[in-house]
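Beneath this line is the structure, given in structure tokens, with notes to follow.
Right, dumping it as structure tokens:
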């Protein structure tokens, strides 16, 4: 089992499409596509986003994560995280999303946001032990290598305006169709191994 930073543009696009689909689910409307487009069109172009996978011993991806740099480049925030279905007859990896976060926290100055007690518990199981109270009830977890010790020291993660992306889709049908085709192609060409 190992962590793979997906640098190949086609594989990165396929993995990002799968990650957006898995993280948001079937009933999410335009959110998965808007996240896919905003990540590729803004964050990847700025070299501020990384798509990573946890792969099993046969190099099959079992979990995916989208990490985004903060505005000063001192840490990375887990923006999306998803476990992938594993074939039952195959040797499975227990709790792959937590394993991926645990591996990343050992290597990088990592930040996670927990929206509820269940998410916080999952991240605690992954080794995130320092916690701060954020806005709107969000708990912010910091990995062992994260430099911040208080909320005031915490730089904001780089992001994009999801609502603006959706509005641009409504104004520019060609752009919408292009990202939709790339998203679908990514789902269809998701790599069996990395």
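Numbering (my numbering), first residue to last: 1034 to 1227. Glycine residues also receive a C-beta, built at the ideal position from the N, C-alpha and C atoms. Here the structure is a predicted model, which means the values were calculated and not measured.
Alpha-carbon to alpha-carbon, residue j and residue i
i: residue 1189; j: residue 1179; result: 13 Å
i: residue 1131; j: residue 1225; result: 21 Å
i: residue 1148; j: residue 1046; result: 27 Å
i: residue 1086; j: residue 1201; result: 30 Å
i: residue 1040; j: residue 1176; result: 24 Å
i: residue 1153; j: residue 1143; result: 14 Å
i: residue 1139; j: residue 1054; result: 27 Å
i: residue 1161; j: residue 1056; result: 20 Å
Buried versus exposed call for residue i [16 or more other C-beta atoms within 10 Å across all chains shown]
i: residue 1038; result: exposed
i: residue 1108; result: buried
i: residue 1090; result: exposed
Expected contact under 8 Å - CB spacing of residue i and residue j to nearest Å
i: residue 1127; j: residue 1113; result: Not quite, the Cβ-Cβ distance comes to about 21 Å (not below 8 Å), so this is no contact.
i: residue 1219; j: residue 1064; result: Actually they do not touch by this definition, with Cβ atoms about 16 Å apart.
i: residue 1165; j: residue 1101; result: Not a contact, Cβ separation roughly 18 Å.
Residues that residue i bridges to, as DSSP identifies them
i: residue 1173; result: 1146 and 1165
i: residue 1231; result: This structure leaves residue 1231 out entirely; the chain is present only between 1034 and 1227.
i: residue 1093; result: DSSP lists no partner for residue 1093.
i: residue 1116; result: 1096
i: residue 1109; result: 1102 and 1143
Indicate whether the contact test is met: 3 or more Cβ pairs, each with one atom in the segment 1109-1121 and one in the segment 1160-1172, closer than 8 Å.
-> no
Is there contact here, the segment 1062-1072 with the segment 1150-1166, by at least three beta-carbon pairs under 8 Å?
-> no
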